[in-house]
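First comes the structure, then the notes that go with it.
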Amino acid sequence: MRVRVSPLVKTKRKRMAKIYKNEFKKKLEDKKKVIWTNEPKHENKYKTNLKDKRQYFKKTLVKLLDNKVIRKCDRSYDICALKYGPKDSMFEGTLVLQEFSNDEGENITTWEYLLYNRESDTFVDSKFFSNSDKALTYFIDKTSNIINN
């Protein structure tokens, strides 16, 4: 909190600054009037687009369910993610639909691919895609490499 202070005043013993008491009290009262909340003031787009995002994810995966790699993966329609990583495997690959919006009839998507090394507890690869076909092709290619090795 900033308060107006007068220049230093010399007295017989000390140098002192004068604080304007009325302004100081007013600023303290204003500070106490702040209402704290856990809710953000901006609109949360995550909840508004969630239904459309899940529908898009499901519609996209239905086209690929006959793929042998996709059939081996765990699918979560709630969080819009594909994951391959059996317990005995060193690597775990995940593809997540991070963002989805349908603006003026055009689908805008952001996919994230993550390759996790369980032994070293690090992410080996992380890529973002704005095209669903490229993201799924990349995921299938990387996952088939994990399966074959």
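For the sequence shown, my numbering gives the first residue as 95, with consecutive numbering after it.
All C-beta atoms in this analysis are idealised placements derived from N, C-alpha and C, irrespective of residue type, glycine included.
Excluding the five sequence neighbours on either side, which residues of its own chain have a C-beta within less than 7 Å of the C-beta of residue i, listed in chain order?
i, result
"Lys147", "Cys174, Leu191 and Phe194"
"Ser238", "Val163"
"Asn143", "Phe194 and Ser195"
Given a cut-off of 9 Å on the beta-carbon distance, is the pair residue i and residue j in contact?
i, j, result
"Tyr207", "Tyr232", "yes"
"Thr204", "Ser183", "no"
"Lys157", "Asp168", "no"
Starting from the C-beta of residue i, find all residues in its chain whose C-beta is less than 6 Å away, skip the five residues before and the five after it, and write them out in chain order.
i, result
"Lys152", "Tyr171"
"Thr154", "Ser226"
Give the single residue among the options whose Cα lies nearest to the Cα of residue i.
i, options, result
"Lys166", "Gly179, Ile202, Ser226 and Lys228", "Gly179"
"Ser220", "Arg212, Gly187, Ile240 and Lys121", "Gly187"
"Asp160", "Ile234, Asn242 and Tyr150", "Ile234"
"Glu213", "Phe185, Asn196, Asp197 and Glu200", "Phe185"
If you reduce the DSSP assignment to three classes, tell me which class residue i lands in.
i, result
"Asp124", "helix"
"Ser195", "strand"
"Leu158", "coil"
"Asn173", "For the record, residue 173 in the displayed sequence is Ile; it is not Asn. DSSP places Ile173 in coil when its eight states are reduced to three."
"Ser183", "coil"
"Asn211", "strand"
"Asn201", "strand"
"Tyr178", "strand"
Hey, how far is the Cα of residue i from the Cα of residue j?
i, j, result
"Ile202", "Leu230", "15 Å"
"Asp124", "Glu117", "11 Å"
"Lys228", "Lys145", "23 Å"
"Leu189", "Thr216", "16 Å"
"Tyr150", "Ile240", "27 Å"
"Asn242", "Phe222", "24 Å"
Tell me which residues share the same chain as residue i and place their Cβ nearer than 8 Å to its Cβ, disregarding the 5 neighbours each side in the sequence.
i, result
"Lys236", "Gly187, Tyr207, Leu209 and Asp219"
"Glu198", "none"
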